[in-house]
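Q: If you count by my numbering, then the sequence shown holds residues 90 to 336, one letter each, in order.
Take a look at this one; I'll ask things after.
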Amino acid sequence: MKALIDLDPIVYQYADMKYPDGRHVPAYVTSMYAENKIKQIVSDAGADTWVGYLTFGPDNFRLSIATIKPYKGNRIGKEKPYHYDYLRGYLSDLSNVHMVFGMEADDALSIEQTKAEEGTTIICTLDKDLDMVPGWHYRWSKGLVEEIKPWFQTTVDGLRCFYKQLLTGDSVDNIHGLFGVGPKSAYVSALDEMDNEEAFVNHVRGLYRKWYGNYGDKFMSENGKLLWMKRSAEDDWDQLKYFSEGF
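What follows is the structure, encoded as structure tokens:
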């Protein structure tokens, strides 16, 4: 099995390492820790090979889609970790690491798992956004994030994760869902009682229209495009295709 590793959080995890007295460790130490972490992830995921992905960033297609709130606008002005550029450069020079242009590393992981034969790849990331992608997954521990041993995500359960995100939004990426609706909301848990995408769409669309009136479809469409993990380079989630088919 091949581990598909999201390297963006690994850069943030190790690029700002410091000694107990507050001094930053030498750059080469961060690369040693990052490589050891990658080896550990591969082992814990039950994989025997791996490929990693890094987001280039400035040409992310989501930047031009977001009109409600700037995509990741809450990160503007925040200082990058001390050895950020060094560690990204070091990792990008490894033969099995790819820099992702036009989209995000998350999308690349999703695309690779979608086109691979089932059971031959496993997505390894800290980002819950990728829970929407069918197939094997592994989440390592970091801070308050607990490790989740390898698990298999079905297509329906993956879609349920996506539609829940449409309701709650994603504060990390500055995506606003329905105001006041959090993960424990009854509106969100109601999706657990449904077992097909038609039901998911109708439930979420009805709530968007209730919250935002005539802007409901527009807001839902924009948020869906921002949250959806691509399944191919040309993939573009669009709620309206469901409605045109009678949903």
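Ideal placement from N, C-alpha and C gives every residue a C-beta, glycine not left out.
May I have a chain-ordered list of the alpha helix (DSSP H) segments no shorter than 4 residues that lie completely inside the segment 259 to 284?
A: As far as the segment 259 to 284 is concerned, its whole alpha helix (DSSP H) runs of at least 4 residues are 275 to 278.
Q: Between proline 272 and glycine 247, how many whole angstroms is the CB-CB distance? I'm expecting something under 8 Å.
A: 17 Å between Cβ atoms; not a contact.
Q: Would you mind giving the Cβ-Cβ distance between aspartate 218 and aspartate 195, rounded to the nearest angstrom? I have them listed as a contact below 8 Å.
A: Correct: roughly 6 Å between the Cβ atoms.
Q: Output yes or no for whether 8 Å exceeds the beta carbon distance between leucine 256 and valine 270.
A: Yes.
Q: Taking 8 Å as the threshold, find out whether the segment 297 to 317 comes into contact with the segment 178 to 192 through three or more Cβ pairs.
A: Counting Cβ pairs under 8 Å, fewer than three are found: no touch.
Q: Find out if the Cβ-Cβ distance for the pair tyrosine 173, alanine 104 is shorter than 8 Å.
A: Contact flag set, yes.
Q: Would DSSP call alanine 92 helix, strand or coil?
A: It is a strand residue.
Q: Relative to the C-alpha of isoleucine 157, which candidate in Glu311, Asp325 and Trp229 has its C-alpha closest?
A: Of the listed residues, the one whose Cα sits closest to isoleucine 157 is Glu311.
Q: Provide the residue span of the beta strand (DSSP E) that contains threonine 210, from first to last.
A: Its beta strand (DSSP E) spans residues 210 to 213.
Q: Hey, asparagine 185 and valine 131 are a contact pair by Cβ (cut 8 Å); roughly how many whole angstroms apart?
A: With 8 Å as the limit, asparagine 185 and valine 131 do not qualify as a contact, their Cβ atoms being about 11 Å apart.
Q: Can you tell which of Leu215, Asp216, Met188 and His226 has its C-alpha closest to the C-alpha of threonine 209?
A: Of the listed residues, the one whose Cα sits closest to threonine 209 is His226.
Q: What is the rounded straight-line gap between the Cα of glutamate 286 and the Cα of glycine 295?
A: When rounded, the distance between both Cα atoms is 14 Å.
Q: Pull up the DSSP beta-bridge partners for leucine 256, would you.
A: None, per the DSSP bridge assignment.
Q: Just mark asparagine 163 as buried or exposed, buried being the case when its beta carbon has 16 or more other beta carbons within 10 Å.
A: Exposed, by the Cβ-count rule.
Q: With isoleucine 200 and lysine 91 assumed to form a contact (beta carbons below 8 Å), what rounded beta-carbon distance in angstroms separates them?
A: With a Cβ gap of about 14 Å, isoleucine 200 and lysine 91 do not count as contacting.
Q: By the three-class DSSP mapping on this structure, what secondary structure does threonine 138 have?
A: Strand.
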